[in-house]
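Participant: Numbering (my numbering), first residue to last: 19 to 558.
This is the structure I have questions about; it appears just below.
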């Protein structure tokens with residue numbers, strides 16, 4: 019075991035412990051990129067700054083052609099020339115100082131690595147695409163598919179990217195910015211949530227979702243699925259995905275001049291689109307303006323910097339909203355404003371805008387652009403779900419508060435589509451009841467029309483109930499404690515598909531890409547938007 023003490027003049031000391039297994043392959047990578055084994059998060063540090071290796075002769079460090087270089091005991095090392103590091107030596111990389119702890123140095127171990135000849139594992143166990151030369155890969159263009167986790171990347175302290183691949187080499191086809199639904203088993207219960215695909219279809223053999231762990235705050239519970247993914251999902255685990263879904267994509271709304279505006283976790287569809295534009299050598303002029311709480315919360319910051327190198331027609335503007343005393347942050351500070359846009363993207367009025375982030379951020383951005391005279395036909399937005407519609411009971415009784423929607427952050431669903439009108443319900447003569455008038459007399463008031471009420475029977479749970487006219491199948495089931503699948507709650511992800519055995523339901527704006535005609539013919543409905551019209555039986 020090798021212990022390194024890493025010191026920073028502002029952030030203090032930390033310890034990195036390395037085992038012999040860490041040195042296999044190319045050794046231990048050191049630099050600013052979050053994928054490195056040792057991450058030094060300062061602008062002066064290169065993405066891959068140095069590499070530590072271990073041989074029978076001890077521990078060596080080499081400068082990987084970095085910008086700032088490496089000092090070993092005050093002497094600058096030449097690029098790509100390994101230098102032996104002994105106990106007590108000091109390595110300086112930018113503001114960081116790294117020292118080997120003498121008591122546990124691997125340099126003292128007599129045996130080296132690579133001296134034992136081992137049988138080589140099968141090629142497809144470590145390089146699955148190498149076997150494609152003599153076979154055609156499978157194609158995924160939609161529907162359900164079993165995938166496994168092949169990589170997990172720590173993007174920020176509370177954001178992880180989960181990379182998936184199919185069991186056999188498969189090419190994934192989707193549009194940049196679309197989302198998929200994943201299904202996981204939590205405490206024995208199948209749970210579905212929808213997440214943006216932060217990967218790009220130009221790299222088709224893997225899919226990625228980038229998930230922020232949602233902490234409990236303001237009397238709202240922690241994100242059930244996001245917390246579970248962070249705590250339990252590991253490389254090699256399998257789950258099911260369904261998709262792709264969504265209309266939020268620059269491929270669906272092409273423009274020669276694009277403006278991507280995002281905040282927080284809303285960066286994920288923008289990453290997918292920016293990666294797609296760079297990989298496809300698109301000639302579109304792209305401005306990407308992103309806001310985060312602090313520099314430590316900037317998701318995929320190094321990837322964005324690399325995208326700018328790969329795509330000369332991409333400009334990235336980063337801003338932080340919280341003061342960072344002692345930080346080396348040199349970017350913009352403050353929330354995205356009209357003045358900031360005019361400074362960084364002076365021609366924003368002539369661009370097609372894609373906006374994603376928290377609901378308040380998007381509402382403010384939309385209002386800001388509208389007041390500035392921006393042509394709103396060129397504005398597209400997505401959100402992290404949608405608020406529940408209040409039921410009649412909640413409307414008339416202010417103390418009746420619906421529980422908040424627990425929703426996996428990164429599920430990106432359209433909220434600006436105009437729903438098609440639901441089919442009218444047959445109305446009969448209203449029931450009336452007498453109520454005391456203001457002077458003690460009786461006045462007639464109209465009661466709820468009985469024909470506008472629906473009734474639900476959940477066959478599996480053996481629960482029956484009467485539904486107010488605005489209540490959905492999902493809301494009705496939840497009111498009785500029935501565990502039903504759901505994702506977006508606005509009919510855009512398909513996670514809540516249930517089989518209707520009998521009866522009729524009303525729904526605003528079914529999307530054929532979410533619930534296909536064949537599924538509807540088999541009785542499937544979307545529980546989050548379906549409302550009973552009369553007596554309805556649901557398999558649940």
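Glycine included, C-beta positions come from ideal geometry on N, C-alpha and C.
Going by CA-CA distance only, name the one from 343, 349, 382 and 396 that's closest to residue 367.
Facilitator: It is 396 whose Cα lies nearest to the Cα of residue 367.
Participant: Could you tell me which residues DSSP puts in a beta bridge with residue 350?
Facilitator: According to DSSP, which records beta bridges pairwise, residue 350 is partnered with 337.
Participant: What are the start and end residues of the alpha helix (DSSP H) that includes residue 360?
Facilitator: 356–362 is the span of the alpha helix (DSSP H), which, as asked, contains residue 360.
Participant: Spatial neighbours of residue 414 within its chain, please: CB distance less than 8 Å, with the 5 preceding and 5 following residues excluded, ordered by chain position.
Facilitator: The predicted position of residue 414 is uncertain, since its pLDDT is 34 and thus under 50; a value taken from the coordinates is nonetheless stated next. There are no such residues.
Participant: Can you give me the Cβ contacts of residue 34 inside the same chain, cut-off strictly under 7 Å, excluding the 5 residues immediately before and after it?
Facilitator: Around residue 34: 22, 24 and 56.
Participant: In terms of alpha-carbon separation, which member of 159, 246 and 103 lies closest to residue 190?
Facilitator: For residue 190, the nearest C-alpha among the options comes from 159.
Participant: In the stretch 295–326, which residue ranges form an unbroken beta strand (DSSP E) of at least 3 residues, counting only runs that do not cross its ends?
Facilitator: Counting only runs of 3 or more, we get 303–310.
Participant: Let's test the definition: count the other Cβ atoms within 10 Å of the Cβ of residue 461 and tell me whether it reaches 16, buried, or not, exposed.
Facilitator: In this predicted model, residue 461 has a pLDDT of only 36, less than 50, meaning its place in the structure is not dependable enough to derive any value.
Participant: Compare the Cα-Cα distances from residue 272 to each of 50, 398 and 94 and report the closest residue.
Facilitator: Of the listed residues, the one whose Cα sits closest to residue 272 is 398.
Participant: In three-state DSSP terms, what is residue 253?
Facilitator: If DSSP states are grouped into helix, strand and coil, residue 253 belongs with coil.
Participant: Please classify residue 204: is it buried, with 16 or more other beta-carbons within 10 angstroms of its beta-carbon, or exposed?
Facilitator: Exposed, by the Cβ-count rule.
Participant: Leaving out five residues on either side along the sequence, give the residues of the same chain with a beta carbon under 7 Å from the beta carbon of residue 313.
Facilitator: So the list reads 338, 342, 345 and 347, once near-sequence residues are dropped.
Participant: Going by beta-carbon coordinates alone, are residue 304 and residue 276 separated by less than 9 Å?
Facilitator: The answer is yes: Cβ separation under 9 Å.
Participant: For residue 279 versus residue 375, is the C-beta spacing smaller than 9 Å?
Facilitator: Closer than 9 Å, so yes.
Participant: Please state whether DSSP places residue 548 in a helix, a strand or coil.
Facilitator: Here residue 548 sits in coil by DSSP.
Participant: At a cut of 8 Å, does the stretch 511–518 reach the stretch 528–544 through at least three beta carbon pairs?
Facilitator: Verdict: yes, contact present.
Participant: State buried or exposed for residue 501, treating a residue as buried only when at least 16 other CB atoms are found within 10 Å of its CB.
Facilitator: Exposed, since its Cβ has fewer than 16 Cβ neighbours within 10 Å.
Participant: Need the endpoints of the alpha helix (DSSP H) that residue 387 sits in, please.
Facilitator: Where residue 387 is concerned, the enclosing alpha helix (DSSP H) stretches over 377–389.
Participant: Going by the beta-carbon positions, is the gap between residue 32 and residue 47 smaller than 9 Å?
Facilitator: It is not a contact, given that the beta carbons lie outside the stated cut-off.
Participant: Give me whichever residues DSSP pairs with residue 20 in a beta bridge.
Facilitator: DSSP lists 36 as partners of residue 20.
Participant: Which residues share a DSSP beta bridge with residue 475?
Facilitator: Paired residue(s): 482 and 555.
Participant: Let me know the beta strand (DSSP E) ranges lying completely inside the stretch 149–213, each 3 residues or longer, listed in chain order.
Facilitator: The qualifying runs are 156–158, 161–174, 177–184, 188–190 and 197–204.
Participant: Could you tell me how far apart the beta carbons of residue 494 and residue 524 are, in whole angstroms, since I believe they sit closer than 8 Å?
Facilitator: The Cβ separation is near 13 Å, so there is no contact.
Participant: Between the alpha carbons of residue 320 and residue 153, how many angstroms are there, rounded?
Facilitator: Each residue's alpha carbon lies about 35 Å from the other.
Participant: State the Cα-Cα distance for the pair residue 216 and residue 270, rounded to the nearest angstrom.
Facilitator: Taking the straight line joining both Cα atoms gives about 17 Å.
Participant: Tell me the start and end of each unbroken beta strand (DSSP E) in the stretch 86–120 that is at least 3 residues and wholly inside, in chain order.
Facilitator: If we require 3 residues or more, the beta strand (DSSP E) runs fully inside the stretch 86–120 come out as 101–103, 108–111 and 114–118.
Participant: In whole angstroms, what separates the C-alpha of residue 223 from that of residue 188?
Facilitator: Straight-line Cα distance between these residues: approximately 6 Å.
Participant: What residue does the beta strand (DSSP E) around residue 280 start on, and which one ends it?
Facilitator: Here the beta strand (DSSP E) through residue 280 covers 275–281.
Participant: Can you have a look at residue 370 and say buried or exposed, based on whether 16 or more other CB atoms are within 10 angstroms of its CB?
Facilitator: Buried is the call here.
Participant: With DSSP run on the structure shown, which of helix, strand or coil describes residue 293?
Facilitator: Three-state DSSP puts residue 293 in a helix.
Participant: Residue 355 to residue 28, Cα distance in whole Å?
Facilitator: Spanning the two alpha carbons is a distance of roughly 31 Å.
Participant: Closest by CA to residue 114, which one among 96, 86, 97 and 98?
Facilitator: When each option's Cα is compared against that of residue 114, the closest is 86.
Participant: If you count every other CB in all the chains shown that lies within 10 Å of the CB of residue 10, and 16 or more means buried, which is it?
Facilitator: Not covered by the structure: residue 10. The range shown for the chain is 19 to 558.
Participant: Roughly how many angstroms lie between the CA atoms of residue 283 and residue 52, to the nearest whole one?
Facilitator: The alpha-carbon atoms of residue 283 and residue 52 are separated by roughly 17 Å.
Participant: Alpha carbons only, please: which of 318, 324 and 255 is nearest the one belonging to residue 176?
Facilitator: Nearest of 318, 324 and 255 to residue 176, Cα basis: 318.
Participant: From the DSSP secondary-structure annotation, give me the bridge partner or partners of residue 398.
Facilitator: In the DSSP output, where bridge partners are listed per residue, residue 398 has 372.
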